[in-house]
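Note that numbering that gives the first Met the number 0 gives residue 286 to position 287 of the sequence shown, counting from 1, and the numbers run on in steps of one.
For every residue, glycine included, the Cβ atom is placed at its ideal position computed from N, Cα and C.
Working notes for the structure below.
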Amino acid sequence: MSGESEAGQPGKEDRPPEAETSGQPGDAENAKAQDRPQEAWAARRDLEDHTPRTMAFGEGASFVGGVLGGVNHGIGGGSFHGEVHMATHVHYGYGGRPAAPSSGEIRAVALDQLATCFADSGPAFAELFERLRNERVLVLSGPQSSGRRTAALMLLHRLGLSPVHAVAPDTAMNTLASGSDGAEPAEARGSLLCDLETDRNRPLRETDLLALRDRLTQQDAYLVITVGPKAYLEGVETHAWRPPPPADILAAQLRGQLNPGPTADLLALPLVAGFLSRHPQPRETAEFASVLVRYAAGDTDEQQVEDFSLLALEGQIREWFEEDDSVLHLREKAFLIALAAFDEGPYALTAEVSDRLYARLQKTADSEQNPAVPVFGTHIGKRLQMARAYRYEAEEPTEWGPVRQAKAAFRDDRTALVLLREVWTGHPSARPALVHWLQDLSKDGRPLVRTRASSTAAVLAHTDLPSAMALVIEPWAASPQFGPRTVAVHALALAHRVGTPNVPRILDAWCDSRTPHLRWVAIRTHGLIGPERPVETLAALRTAARRGEDEDTVETADPTQEDDGQLAQVLAESVELLLLSRVNDQVLHELLSTLDHGRHVRALAISGFLGACERTERGEASNRPLVLDWYATSLAAQAQAAQDIVALLHTALNDRVHRPRALDVLRRWVLSADRDPGAEQALARLLPGLATSEPDRRRIGHLLRTVPSDDGIPPQVTGRLLNTLPVL
0 MSGESEAGQP GKEDRPPEAE TSGQPGDAEN AKAQDRPQEA WAARRDLEDH TPRTMAFGEG
60 ASFVGGVLGG VNHGIGGGSF HGEVHMATHV HYGYGGRPAA PSSGEIRAVA LDQLATCFAD
120 SGPAFAELFE RLRNERVLVL SGPQSSGRRT AALMLLHRLG LSPVHAVAPD TAMNTLASGS
180 DGAEPAEARG SLLCDLETDR NRPLRETDLL ALRDRLTQQD AYLVITVGPK AYLEGVETHA
240 WRPPPPADIL AAQLRGQLNP GPTADLLALP LVAGFLSRHP QPRETAEFAS VLVRYAAGDT
300 DEQQVEDFSL LALEGQIREW FEEDDSVLHL REKAFLIALA AFDEGPYALT AEVSDRLYAR
360 LQKTADSEQN PAVPVFGTHI GKRLQMARAY RYEAEEPTEW GPVRQAKAAF RDDRTALVLL
420 REVWTGHPSA RPALVHWLQD LSKDGRPLVR TRASSTAAVL AHTDLPSAMA LVIEPWAASP
480 QFGPRTVAVH ALALAHRVGT PNVPRILDAW CDSRTPHLRW VAIRTHGLIG PERPVETLAA
540 LRTAARRGED EDTVETADPT QEDDGQLAQV LAESVELLLL SRVNDQVLHE LLSTLDHGRH
600 VRALAISGFL GACERTERGE ASNRPLVLDW YATSLAAQAQ AAQDIVALLH TALNDRVHRP
660 RALDVLRRWV LSADRDPGAE QALARLLPGL ATSEPDRRRI GHLLRTVPSD DGIPPQVTGR
720 LLNTLPVL
């Protein structure tokens with residue numbers, strides 16, 4: 000993408016260790032010389048291309064509200080609102096691990112009650128049933144909360160076994176096989192060993208299962224063992240449990256508790272369809288069924304039913320980060336955070352940056368231990384399964400055009416926002432590592448990485464504005480390098496996008512600041528959020544321009560923070576963005592009315608307008624100029640904007656300072672008209688409005704007769720356009 004190569008090139012003092020220069024004399028000077036601001040138009044395009052789906056930026060983009068901007072359910076350590084509890088039978092249905100290991104008989108009435116609400120997976124369940132009946136022992140694998148425990152119980156129940164006993168997960172296989180130490184009561188015909196504890200030194204071996212099968216055959220008994228994706232196995236054949244679709248689980252749960260009529264009515268509710276569309280886990284679906292039953296009985300209201308999905312998501316995320324590292328390794332927690340920041344991004348990139356975060360978190364956990372990242376770790380499939388995410392292939396925008404890549408995304412599009420909020424507010428000890436990680440990302444050469452650093456900071460700002468500003472955004476904004484400052488611009492724009500209060504007040508204050516770096520950031524950000532408040536934004540930009548006029552005769556407060564004239568350019572680029580936004584007509588009229596408000600304000604209006612005139616869609620020279628297209632549309636609609644475009648372009652042509660650039664704009668438009676009949680028609684209507692005096696006519700006529708071309712032959716369109724000029 001155009002402009003990308005200039006963006007975010009950090010100087011030596013701001014680079015991560017792997018990006019540092021060699022330390023030879025002149026390296027710092029070379030790095031400073033290479034530091035250039037990315038054009039506002041190109042930076043805005045990066046923001047549109049790489050912003051997460053939850054806060055899509057651009058004309059017509061929508062924001063996934065209700066997570067950050069809605070009710071805060073207290074994920075940082077609060078409690079569920081309303082009556083979100085589970086009926087007795089749901090404790091056996093689709094639950095996670097038991098709170099503590101237990102051994103003993105599972106009551107028959109509980110199994111019978113569970114069976115009335117159980118939805119099997121059809122042929123797959125029947126195949127597992129036959130396996131268990133023939134082989135006596137079955138190892139059932141699946142991720143946490145997949146319903147593997149419930150499936151195991153129902154397999155034993157379908158065999159008609161009684162009694163059924165639960166066996167402690169830390170039971171040694173040799174003990175279980177021998178029947179010693181009371182590991183399995185002798186009278187048990189069916190046994191469940193849920194979440195067998197294994198490690199490198201104590202794996203589950205095929206010989207263990209063979210010994211178990213012999214003993215179970217002697218006793219006419221059966222055993223189901225459930226294991227997670229990371230269990231240590233040697234030569235053991237496992238059978239994956241894949242739960243039925245959430246809709247089937249919900250229907251079965253409701254049928255077990257309600258009559259057919261109310262069940263059908265509840266399943267037809269739009270809020271039920273919304274819940275199912277978010278790919279809930281079996282245990283969440285079972286709990287949701289209990290909420291629906293209470294709703295049908297009038298014991299809860301519709302809002303509590305609608306809130307349940309978000310509450311369940313918050314509970315899952317809280318569980319991820321409250322679990323001990325022996326259950327969910329710190330590296331996987333780092334991956335969850337990285338996936339929240341890079342949701343729908345390339346998987347390889349997400350894994351790469353997550354390892355960098357893991358090293359930082361490791362350093363926080365034990366400052367005396369050198370951070371170590373395993374070169375090879377968890378398989379992508381298991382990792383995404385744990386994260387309740389999925390892998391897919393899609394095109395990713397790059398400076399060379401779209402490139403197809405393998406991406407990863409959470410199944411529930413709210414997960415990223417809620418997870419980042421939980422980490423920032425619920426686990427403050429992670430903040431130092433997270434802040435340093437974001438600083439590293441802001442210096443990365445890849446636009447996607449820098450943009451995701453911005454979007455992550457925006458979520459943190461919405462959650463805790465003072466801390467996010469002090470720890471993350473303000474250091475970026477105060478950086479002497481343009482790269483981090485651009486990241487600060489995008490962070491503030493996205494923070495405003497998701498509803499963070501007081502962002503305009505921050506920008507207005509920075510626009511009037513005597514610190515050029517902060518003014519630079521504020522001006523750029525105003526250009527991005529300005530369409531929401533165009534009058535106030537233009538007033539702030541004019542204030543910044545007048546401050547520049549005042550400083551022409553006053554020495555700068557801090558000479559070390561001079562920006563080499565960049566403030567005037569960035570002011571014009573922000574006006575340019577406003578002119579190419581949905582409020583362009585209003586902005587154009589405002590600019591015309593301020594042409595006599597001082598030299599700097601006049602230069603701001605004309606420079607911003609001419610910058611907009613130079614733009615084409617996606618920067619392609621073959622495309623029609625955006626302002627010329629705007630003129631044609633306004634002309635067809637008989638809108639005031641058509642006359643205002645002519646008036647401002649005429650002003651630029653008659654301004655001694657801006658005339659060369661204005662003539663260059665017309666030259667580009669003429670070349671565009673030679674390729675595009677629509678552009679020629681628009682230009683044929685526009686040029687007569689510019690030639691209102693003899694000097695104007697001669698100037699435009701000379702331009703048309705001298706327009707260059709690739710083959711040295713004047714474009715044919717110039718002759719036709721010359722004929723449109725009036726005779727004065």
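In the DSSP assignment, M172 is bridged to no other residue. For V422 and A476, the gap between their C-alpha atoms comes out near 24 Å. With contacts defined by Cβ atoms closer than 9 Å, L232 and T197 form a contacting pair. Of the residues V163, N200, V304, E331, the one whose Cα lies closest to the Cα of L191 is V163.
V434 has its alpha-carbon roughly 28 Å from the corresponding atom of R390. In this structure, D411 is the residue among L291, D411, R130, G273 with its C-alpha nearest to the C-alpha of A339. Among the bridge pairs identified by DSSP, A165 is matched with G103, L191. The C-alpha of H278 lies about 27 Å from the C-alpha of L447. Look at K406 here: in three-state DSSP terms it is strand. Burial check for S441: the Cβ neighbour count within 10 Å reaches 16 or more, so the residue is buried. Here S671 carries a helix assignment [DSSP, helix/strand/coil].
Closest in C-alpha terms to N722, from the list P707, S708, I712, I699, comes I699.
Scanning its chain for C-beta atoms nearer than 7 Å, with the 5 sequence neighbours on each side dropped, one finds around S708 the residues P714, in chain order.
In the DSSP assignment, V138 falls within the beta strand (DSSP E) that extends over 136-140.
Take the alpha-carbon of I472 and the one of P370: they are about 27 Å apart. Secondary structure note for A571: its alpha helix (DSSP H) is the uninterrupted segment 565-578. In this chain, the alpha helix (DSSP H) harbouring V417 covers 414-425.
Taking all protein chains shown into account, S428 has fewer than 16 neighbouring C-beta atoms within 10 Å of its C-beta and is therefore exposed. Per the DSSP secondary-structure output, L203 pairs in a beta bridge with L232.
Look at the beta carbons and you see the segment 219-237 touching the segment 121-140: at least three pairs across the two are nearer than 8 Å. Where L222 is concerned, there is no enclosing alpha helix (DSSP H), although the beta strand (DSSP E) around it starts and stops at 221-226. Pairing L647 with L587 gives a Cβ-Cβ distance under 9 Å.
The beta carbon of S161 sits closer than 7 Å to those of A107, R188, all from its chain and outside the five residues before and after it, given in chain order. Proximity to S276 across D306, V166, P245, S289 peaks at P245, based on C-alpha coordinates.
In this chain, the beta strand (DSSP E) harbouring E394 covers 388-395.
With the rule of 3 Cβ pairs closer than 8 Å, the segment 593-611 counts as touching the segment 570-581. For T349, the enclosing alpha helix (DSSP H) starts and ends at 346-364.
Annotation: H657 is outside any alpha helix (DSSP H) and is labelled neither H nor E by DSSP.
A distance below 7 Å between beta-carbons, with the five flanking residues on each side excluded, links L540 to the following residues of its chain, in chain order: I522, H525, L570, S573, V574, L603.
Taking V669 as reference, the option from V520, A636, S621, P694 with the minimal CA-CA separation is S621. Counting other Cβ atoms within 10 Å of its Cβ, E679 reaches 16 or more and is therefore classed as buried.
For F307, the enclosing alpha helix (DSSP H) has its first and last residue at 301-321. Per DSSP, reduced to three states, the secondary structure at A508 is helical.
A direct Cα-Cα distance of roughly 14 Å separates R157 from S120. Residue ranges of uninterrupted alpha helix (DSSP H) with 4 or more members, entirely inside the segment 477-503 and ordered along the chain, are 481-496. Around I528, the same chain offers A492, H495 as residues with beta carbons nearer than 6 Å, after the five sequence neighbours per side are excluded.
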